[in-house]
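Take the sequence shown: its letters are residues -18 to 64, numbered as in our numbering.
Yeah, the Cβ is synthetic: ideal placement off N, Cα and C, and Gly gets one too.
Because the structure is a prediction, the values reported are computed rather than measured.
Presented below is the structure to which this report refers.
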Amino acid sequence: DLLGVTIACPLGFGIPLTLGSTLNYVVEPKADPTLLFPGILCCLCGMLADTASHANRTEGDAPTAGTAPPALEAAEQSKTVDS
-18 DLLGVTIACP
-8 LGFGIPLTLG
2 STLNYVVEPK
12 ADPTLLFPGI
22 LCCLCGMLAD
32 TASHANRTEG
42 DAPTAGTAPP
52 ALEAAEQSKT
62 VDS
(Lines of atoms letter the chains of each structure in order from A and count residues from 1; the text may use other names and numbers.)
(Lines give C-alpha, C1' and ligand atoms only; values in the text may rest on other atoms or scores of the structure.)
Protein backbone atom coordinates (compact mmCIF):
# COMPACT_ATOMS: atom_id res chain seq x y z
CA ASP A 1 0.00 0.00 0.00
CA LEU A 2 2.75 2.45 0.94
CA LEU A 3 4.86 1.38 -2.04
CA GLY A 4 2.13 2.44 -4.46
CA VAL A 5 1.93 5.88 -2.85
CA THR A 6 5.69 6.41 -3.10
CA ILE A 7 5.50 5.83 -6.84
CA ALA A 8 2.15 7.51 -7.52
CA CYS A 9 2.89 10.84 -5.82
CA PRO A 10 5.96 11.84 -7.89
CA LEU A 11 4.30 10.63 -11.08
CA GLY A 12 1.01 12.28 -10.20
CA PHE A 13 2.70 15.63 -9.69
CA GLY A 14 5.46 15.27 -12.28
CA ILE A 15 3.43 14.31 -15.33
CA PRO A 16 1.00 17.26 -15.09
CA LEU A 17 3.93 19.59 -14.37
CA THR A 18 5.88 18.54 -17.44
CA LEU A 19 2.89 18.31 -19.78
CA GLY A 20 1.37 21.53 -18.50
CA SER A 21 4.63 23.46 -18.85
CA THR A 22 5.23 22.13 -22.34
CA LEU A 23 1.68 22.80 -23.54
CA ASN A 24 1.72 26.24 -21.97
CA TYR A 25 4.90 27.07 -23.90
CA VAL A 26 3.40 25.73 -27.15
CA VAL A 27 0.25 27.83 -26.73
CA GLU A 28 1.99 30.99 -25.56
CA PRO A 29 5.80 30.94 -25.93
CA LYS A 30 6.77 33.68 -23.48
CA ALA A 31 9.30 31.76 -21.38
CA ASP A 32 12.97 31.33 -22.20
CA PRO A 33 13.23 27.84 -23.74
CA THR A 34 16.88 27.49 -22.67
CA LEU A 35 15.68 27.56 -19.05
CA LEU A 36 12.30 25.87 -19.43
CA PHE A 37 13.19 22.70 -21.30
CA PRO A 38 16.25 21.69 -19.24
CA GLY A 39 14.02 22.09 -16.18
CA ILE A 40 11.37 19.87 -17.74
CA LEU A 41 14.08 17.34 -18.63
CA CYS A 42 15.32 17.35 -15.01
CA CYS A 43 11.77 16.73 -13.80
CA LEU A 44 11.37 13.82 -16.21
CA CYS A 45 14.73 12.37 -15.13
CA GLY A 46 13.65 12.64 -11.50
CA MET A 47 10.42 10.78 -12.21
CA LEU A 48 12.32 8.05 -14.06
CA ALA A 49 14.87 7.75 -11.27
CA ASP A 50 12.12 7.48 -8.66
CA THR A 51 10.31 4.80 -10.65
CA ALA A 52 13.55 2.90 -11.31
CA SER A 53 14.47 2.95 -7.63
CA HIS A 54 11.21 1.20 -6.79
CA ALA A 55 11.14 -1.14 -9.80
CA ASN A 56 12.36 -4.28 -8.03
CA ARG A 57 10.83 -3.62 -4.62
CA THR A 58 7.94 -5.62 -3.32
CA GLU A 59 5.64 -4.82 -0.45
CA GLY A 60 7.71 -7.00 1.89
CA ASP A 61 10.88 -5.07 1.06
CA ALA A 62 9.49 -1.72 2.15
CA PRO A 63 10.94 -0.50 5.46
CA THR A 64 8.54 -0.36 8.35
CA ALA A 65 7.90 2.74 10.41
CA GLY A 66 10.42 3.27 13.17
CA THR A 67 13.33 1.48 11.52
CA ALA A 68 16.48 3.36 10.64
CA PRO A 69 17.71 3.48 7.04
CA PRO A 70 20.56 1.02 6.29
CA ALA A 71 23.12 3.83 5.92
CA LEU A 72 22.24 5.17 9.37
CA GLU A 73 22.44 1.71 10.91
CA ALA A 74 25.87 1.16 9.34
CA ALA A 75 27.11 4.51 10.67
CA GLU A 76 25.88 3.67 14.18
CA GLN A 77 27.54 0.25 14.04
CA SER A 78 30.85 1.78 12.98
CA LYS A 79 30.68 4.17 15.95
CA THR A 80 30.23 1.30 18.38
CA VAL A 81 33.11 -0.64 16.78
CA ASP A 82 35.44 2.37 16.97
CA SER A 83 34.60 3.06 20.64
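Asked                                                                                                                         : Found
Terminal residues of the continuous alpha helix (DSSP H) containing A36?                                                      : First-last for A36: undefined, no H or E at that position.
Can you tell me whether I(-4) is buried or exposed, with buried defined as 16 or more other CB within 10 angstroms of its CB? : exposed
Alpha carbon to alpha carbon, how far is K11 from L29? Give it in angstroms, no decimals.                                     : 28 Å
If we call anything under 7 Å between Cβ atoms a contact, is C24 one with T(-13)?                                             : no
If I'm right that L17 touches S2 with Cβ under 8 Å, what's the distance once you round it to whole angstroms?                 : 7 Å
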